[in-house]
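Student: Protein chains in written order, with the numbering used here: chain A, 983 to 1199; chain B, 983 to 1199.
Virtual Cβ for every residue (Gly too), placed ideally from N, Cα, C.
No experiment lies behind these values; they were computed from the predicted model shown.
Protein chains: 2
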Amino acid sequence: VVGFKSYLGLIEPLIRDKQVHAFSMTQEVERVNAALDLALSGKRTAVVSGGDPGIYAMAGLVYEAVRSRSAPIEVVVVPGISALNACAARLGAPLMHDFCAISLSDRLTPWDLIERRIEAAAASDFVIVLYNPRSRGRATQIGRARELVLRHRAASTPVGIVNAAMRADEEVFVCDLGTMPECDINMKSTVIIGNSQSFRRHGRIVTPRGYGNKYKV
Amino acid sequence: VVGFKSYLGLIEPLIRDKQVHAFSMTQEVERVNAALDLALSGKRTAVVSGGDPGIYAMAGLVYEAVRSRSAPIEVVVVPGISALNACAARLGAPLMHDFCAISLSDRLTPWDLIERRIEAAAASDFVIVLYNPRSRGRATQIGRARELVLRHRAASTPVGIVNAAMRADEEVFVCDLGTMPECDINMKSTVIIGNSQSFRRHGRIVTPRGYGNKYKV
C-alpha cells in the first residue's frame, strides 16, 4: 500500500497487516514510481488517494507513469467520494443541475485558461465547483474568480464553502457571492457557487432540477 | 426505505428486515411525498437513489418537497458514486482536469440553454461528461451535442461511453469524436469527451494533469 502519509493514517486499521510505503505531500511522482516498482516485482499494489482517485487525483499520474515502463502493468481504478460529492452532500442539494469543476491551481495550467473557463461557466449558468481555491502561495485567485462570476450572476447567488469535508475538523459555511470574502476559504476548502435558480433554505443550498417555465414540484 | 423498485432490488439483502416502499420509475414526486409522510409519522426514513443522490438525483426533490411541509424534517444526504465517478474509473483517468457535467434531457431545461452550455464547455477545453445522452423519446440530442463539440475539438478527441456502469450488464467503449456515431449510446449510457490534451492508450482515456508547457512527468 503506497500513499501520502496522512491519508494512510486515516485508514490505519485497514492496512495494519500490509506492507506500507508512506510518502510526504509533494512526492507524487516518487510515490507512483515506487508503486510501479512494487507491482513489477510481482506484488499486488494499491496507491491510496484522497477523495476519488479519478477526479483531479492519482489515477492519471499512475497511467502516465505506466506509459513509460516497458513491461505491462494492469491498473484498476476504484472510484470514491470526491470533494464535489462530499461537499454537495453537506451543503444540501446544489448539484441537481449542470455543473463545472474548476481547479484554481495555476501550477500546471495557464491562469488565462482558468479565467476563460470561469467566465464560460458563469455565462452559461453552470453551478461551479472550485477545487484548490487557495493555498499558502496562492491567495488572489479566489477573489478574481468571484469577480468573474459576478459579471454574470447576482450578488445574492448562494455560495457554499466546506472545509475538510467529512473529516473531524469539517466546517460548513453558506453565504452568497456578495458576502463570500468574509468566509474562511483555505487549503482544505471546496467552494460551490449556485446557478441562477439556486436558493438558500435553513442553511442549505438547493438547485432546482429544472427551469421554472418547464417545471413544478 | 423508499425507492425505485429496481434499485431496491439491488440492495435487497441490506433492507430485508426493513419496511420497504417500492415505486415505479416515473413516480419521483410520489416517492418523496411518501417518504416525508413516513418521516413525519416518526419513522427514520431513507430515500434510496441511484448513483449519488446529490448529483442529478433525489436529494433536491427531497429538499424541495420538505419546503412545502409545515413541520420541520431533518434531512441528511449520504454521498455516493455518481455516473461520473463510476464511468471515469472504468475509462481510465479522463477527469484529471477541469470538467463539466451536462444532462442532455430537455424535459425540464430549455434545449437552447443546453446547447449554450455544450458550446461554452467545448470552447474552453473542459472535459465534458454527458448524462442522459439518449432515451426512447430523445434520439437526436447526442448527435447535435457532438456537432457542437466538433466546432472546437479535433475528430481524434477521445470519447468514452459506459453503459450500465458497475452493473452486471456493464459495457465500456472507447472511440473518438469522429467514430462516436458508430457506438451504442442508449438510456443507460454516460458519455465522457476528452479535452484537447486527452489521449488514448491501451483502451483507456487519460487526461493529463496539466498543460505541456508547464508540465513533465
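So, does the CB of A/I993 fall closer than 9 Å to a CB anywhere in chain B?
Tutor: One-based indexing of the first sequence puts residue 993 of chain A at position 11. A/I993 does not count as touching chain B.
Student: Quick one: is B/A1121 near chain A, going by C-beta distance under 9 Å?
Tutor: Taking the second sequence and counting its residues from 1, the one referred to as residue 1121 of chain B is at position 139. No, because no Cβ of chain A sits closer than 9 Å to the Cβ of B/A1121.
Student: Since B/V1028 is in the beta strand (DSSP E), which residue starts that stretch and which ends it?
Tutor: Along the second sequence, one-based indexing puts residue 1028 of chain B at 46. Note that residue 1028 of chain B is Ala in the sequence shown, not Val. Looking at the DSSP string, B/A1028 is not in any beta strand (DSSP E), and its letter there is neither H nor E.
Student: Mind checking if A/I1063 is an interface residue toward chain B, Cβ cutoff 9 Å exclusive?
Tutor: The residue labelled residue 1063 of chain A in the question sits at position 81 within the first sequence. Cβ-Cβ to chain B under 9 Å: yes for A/I1063.
Student: Thinking just about the alpha-carbon of each residue, which of B/M1078, B/I1084, B/D1166, B/G1042 is nearest to the one in A/I1037?
Tutor: Translated into positions along the first sequence, residue 1037 of chain A becomes position 55. Taking only the C-alpha atoms, the option nearest A/I1037 is B/M1078.
Student: Under 7 Å, CB to CB, which of the residues in the region 1006–1038 of chain A have a partner in chain B?
Tutor: So the close ones are V1011, D1034, G1036, I1037, Y1038.
Student: For the region 991–1060 of chain B, which segments carrying the alpha helix (DSSP H) assignment without a break, of at least 4 residues, lie completely within its bounds, in sequence order?
Tutor: Complete alpha helix (DSSP H) runs here, min 4: 994–997, 1010–1022, 1040–1049.
Student: Does the separation of the CB atoms of B/A1068 and B/A1147 fall below 9 Å?
Tutor: The sequence position of residue 1068 of chain B within the second sequence is 86, counting from 1. The sequence position of residue 1147 of chain B within the second sequence is 165, counting from 1. A contact, by the Cβ cut-off of 9 Å.
Student: When the Cα atoms are used, what is the spatial distance from A/V1030 to B/R1051?
Tutor: Looking up residue 1030 of chain A in the first sequence gives position 48. Looking up residue 1051 of chain B in the second sequence gives position 69. About 44 Å.
Student: Interface residues of chain B around A/D1107 at Cβ under 9 Å?
Tutor: As a working mapping, residue 1107 of chain A is identified with position 125 in the first sequence. Within chain B, the residues near A/D1107 are L1095, R1098, R1099.
Student: Determine the direct distance from the alpha carbon of B/V1131 to that of B/E1101, and round the result to whole angstroms.
Tutor: Within the second sequence, residue 1101 of chain B is the residue found at index 119, counting from 1. Within the second sequence, residue 1131 of chain B is the residue found at index 149, counting from 1. So the alpha carbons of these two residues sit roughly 7 Å apart.
Student: For B/N1053, which residues from the same chain have a beta carbon less than 7 Å from its beta carbon, with the 5 sequence-adjacent residues on both sides left out?
Tutor: By 1-based counting over the second sequence, the position of residue 1053 of chain B is 71. A small fix is needed here, since residue 1053 of chain B is Ala in this sequence, not Asn. Here the set comprises L1022.
Student: So is A/D1080 in contact with chain B if we call contact Cβ pairs under 9 Å?
Tutor: The count along the first sequence starts at 1 and reaches residue 1080 of chain A at position 98. True, the Cβ-Cβ gap to chain B drops below 9 Å.
Student: Rounded to the nearest angstrom, what separates B/R1133 and A/G1074 at their Cα positions?
Tutor: Start at 1 with the first residue of the second sequence, and residue 1133 of chain B comes out as number 151. Start at 1 with the first residue of the first sequence, and residue 1074 of chain A comes out as number 92. Spanning the two alpha carbons is a distance of roughly 36 Å.
Student: Against chain A, does B/L1132 count as a neighbour if the rule is that its beta carbon must be under 9 Å from one of theirs?
Tutor: In the second sequence, counting from the first residue as 1, residue 1132 of chain B sits at position 150. For B/L1132, the answer is no, since every Cβ of chain A falls outside 9 Å of its Cβ.
Student: Is the region 1085–1098 of chain A close to the region 1114–1131 of chain A, with three or more CB pairs under 8 Å?
Tutor: Yes, the region 1085–1098 of chain A touches the region 1114–1131 of chain A.
Student: Near B/K1000, which residues of its chain fall below 6 Å by C-beta distance, leaving aside the five closest residues on each side in sequence?
Tutor: Taking the second sequence and counting its residues from 1, the one referred to as residue 1000 of chain B is at position 18. V983, listed in sequence order.
Student: Pull up the CB-CB distance for A/S1004 and A/G985, whole angstroms please, since I reckon it's below 8 Å.
Tutor: Here residue 1004 of chain A is taken as the residue at index 22 of the first sequence, counted from 1. Here residue 985 of chain A is taken as the residue at index 3 of the first sequence, counted from 1. A small correction: the amino acid at residue 1004 of chain A is Ala; Ser does not occupy that position in the sequence shown. About 7 Å; that satisfies the 8 Å criterion.
Student: Taking Cβ to Cβ, would you say B/A1071 is nearer than 9 Å to A/V1060?
Tutor: Sequence index remark: in the second sequence, residue 1071 of chain B carries index 89 (1-based). Sequence index remark: in the first sequence, residue 1060 of chain A carries index 78 (1-based). Yes; because the gap between Cβ atoms is below 9 Å, this pair is in contact.
Student: At 4 residues or longer, and completely inside the region 1109–1169 of chain A: list those alpha helix (DSSP H) runs for me, N to C.
Tutor: Here the runs fully enclosed are 1123–1132.
Student: Can you check DSSP and say which residues form a bridge with B/C1082?
Tutor: Here residue 1082 of chain B refers to the residue found at position 100 of the second sequence. Looking at the DSSP assignment, B/C1082 forms a beta bridge with A/C1082, B/I1110.
Student: Any C-beta of chain B sitting closer than 9 Å to the C-beta of A/A1070?
Tutor: Stepping through the first sequence from its first residue, residue 1070 of chain A is reached at position 88. Yes, because at least one Cβ of chain B sits closer than 9 Å to the Cβ of A/A1070.
Student: Determine whether the beta carbon atoms of A/T1008 and A/A1017 lie at a separation below 9 Å.
Tutor: For this step, residue 1008 of chain A is matched to residue 26 along the first sequence. For this step, residue 1017 of chain A is matched to residue 35 along the first sequence. Result no, Cβ atoms of A/T1008 and A/A1017 do not sit closer than 9 Å.
Student: May I ask you to list the residues that DSSP assigns as paired with B/R1186?
Tutor: As a first step, residue 1186 of chain B is located in the second sequence; it is residue number 204 there, counting from the start. The partner list for B/R1186 (beta bridge, DSSP) reads B/R1183.
Student: Could you tell me whether the Cβ atoms of A/E1152 and A/V1144 are closer together than 9 Å?
Tutor: Numbered from its first residue, the first sequence carries residue 1152 of chain A at position 170. Numbered from its first residue, the first sequence carries residue 1144 of chain A at position 162. Result yes, Cβ atoms of A/E1152 and A/V1144 sit closer than 9 Å.
Student: Inspect the beta-carbon positions of A/I1187 and A/I1174 and report whether they are closer than 9 Å.
Tutor: Counted from its first residue, the first sequence places residue 1187 of chain A at position 205. Counted from its first residue, the first sequence places residue 1174 of chain A at position 192. The answer is yes: Cβ separation under 9 Å.
Student: With the cut-off set at 9 Å, would you say B/V1014 and B/V1044 are in Cβ contact?
Tutor: Counting from 1 along the second sequence, the entry for residue 1014 of chain B is found at position 32. Counting from 1 along the second sequence, the entry for residue 1044 of chain B is found at position 62. The answer is yes: Cβ separation under 9 Å.
Student: To the nearest angstrom, report how far apart A/V1011 and A/G1042 are at their CA atoms.
Tutor: Within the first sequence, residue 1011 of chain A is the residue found at index 29, counting from 1. Within the first sequence, residue 1042 of chain A is the residue found at index 60, counting from 1. Their Cα atoms are separated by approximately 11 Å.
Student: For A/S1125, count neighbouring C-beta atoms within 10 Å of its own C-beta (all shown protein chains included) and say buried if the count is 16 or more, exposed if not.
Tutor: One-based indexing of the first sequence puts residue 1125 of chain A at position 143. Looking at the sequence provided, one finds Gly at residue 1125 of chain A rather than Ser. Counting Cβ neighbours within 10 Å, A/G1125 comes out exposed, since fewer than 16 surround it.
Student: Given A/G1185, which residues of its chain have a CB within under 7 Å of its CB, disregarding the five upstream and five downstream residues?
Tutor: Counting from 1 along the first sequence, the entry for residue 1185 of chain A is found at position 203. Only V1156 meet the Cβ criterion.
Student: Take the Cβ of A/A1104 as the centre, count every other Cβ of all protein chains shown within 10 Å, and call the residue buried at 16 or more, exposed below.
Tutor: Here the question's residue 1104 of chain A lines up with position 122 in the first sequence. It is buried - the Cβ of A/A1104 has at least 16 other Cβ atoms within 10 Å.
Student: Check the Cβ-Cβ distances between B/G1042 and every residue of chain A, and say whether any is below 9 Å.
Tutor: Position 60 of the second sequence holds residue 1042 of chain B. Output row for B/G1042: interface = yes.
Student: Quick check: what's the CA-CA separation for B/Y1113 versus B/V1002?
Tutor: Translated into positions along the second sequence, residue 1113 of chain B becomes position 131. Translated into positions along the second sequence, residue 1002 of chain B becomes position 20. B/Y1113 and B/V1002: Cα-Cα distance of roughly 29 Å.
Student: Hey, could you find the ends of the beta strand (DSSP E) B/I1174 is sitting in?
Tutor: Taking the second sequence and counting its residues from 1, one reaches residue 1174 of chain B at position 192. Unbroken beta strand (DSSP E) run through B/I1174: 1171–1175.
Student: Applying the 10 Å Cβ sphere with the 16-neighbour rule, what's the burial state of A/S1064?
Tutor: The residue you call residue 1064 of chain A lines up with position 82 of the first sequence. That one is buried.
Student: Taking 9 Å as the threshold (beta carbon to beta carbon), is A/R1085 in contact with chain B?
Tutor: Reading the first sequence from its first residue, position 103 is the one you call residue 1085 of chain A. Residue identity differs from the one stated: residue 1085 of chain A is Ser in this sequence, not Arg. With 9 Å as the cut-off, A/S1085 counts as an interface residue toward chain B.
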